[in-house]
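Structure first, commentary second.
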Amino acid sequence: MPHSSLNSYPILSKKADKKAILRFYRDNHYSARFIGFDSCYLIKVNDNIIASVIISQGNKSQQIDTASERTSTDTAQELSQNKPQYLLHALLVAPDYQKLGYAQHLLKYAITHHQPLVCFVQASLKNLYLNNGFTLITDDLLNKRLTPDLFNRFQQYSKNKPELKVFIHQ
């Protein structure tokens, strides 16, 4: 039975949770996987996962350290493109617990721990992200606002799902 109050808090998953997390996604007919340098946050009720989100950090070899960032003569636009970005994906709340604020709760938690945070979402979820401080990146600015790794990933995803939109929180 769902609870109307958010009495369960997001927790950072442990390596031992990986099978249960993947089972949660599979049981809810959601295709999700870990893609590298991941953090996964869960909400559990009675030891059952009811909501989850995965945050993946881009390829570490493409990141620059803050010291070189400070001495660079690049424009601010180029710096933001080279700054490590986190990809928020696989945000899912079990059907019995939807529309109770759990997705927003996970988003707020992820925002406090990972910046800048990028996500590729269906247009129907636009309001959820806008209401939580994300900004829509227009198609003409994607290659300027995303790291090359995330820009390429978005291009691949959008081949099968052309309705995807890109949002950023920074």
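Residues in the sequence shown are numbered consecutively from 1, following the UniProt record's numbering.
Using N, Cα and C, we set each Cβ at its ideal position, and we do this for glycine too.
Inter-residue CB distance, residue i and residue j (contact presumed, cutoff 8 Å)
i    : j    : result
S52  : A16  : Not really, about 15 Å apart at Cβ, beyond 8 Å.
F167 : T147 : Incorrect: roughly 15 Å between the Cβ atoms, too far for contact.
Y157 : L117 : Wrong, their Cβ atoms sit about 17 Å apart, outside the cutoff.
Q115 : Q170 : 6 Å
L150 : C119 : Their Cβ separation, rounded to whole angstroms, is 10 Å, which puts L150 and C119 out of contact at 8 Å.
DSSP three-state assignment for residue i, whether helix, strand or coil
i    : result
Q122 : strand
Y41  : strand
T135 : strand
I11  : strand
L107 : helix
Y25  : helix
Q57  : strand
F34  : coil
L164 : strand
T112 : helix
K144 : helix
L100 : coil
D17  : helix
Sub-9 Å separation of residue i and residue j beta-carbons
i    : j    : result
K165 : Q122 : yes
A110 : I55  : yes
L130 : L107 : no
K18  : F34  : yes
H113 : S39  : yes
P84  : L42  : no
F154 : L142 : yes
N28  : A103 : no
L92  : Y30  : yes
Counterpart residues of residue i in DSSP-defined beta bridges
i    : result
A51  : I43, V93
L87  : S56, V118
H169 : L117
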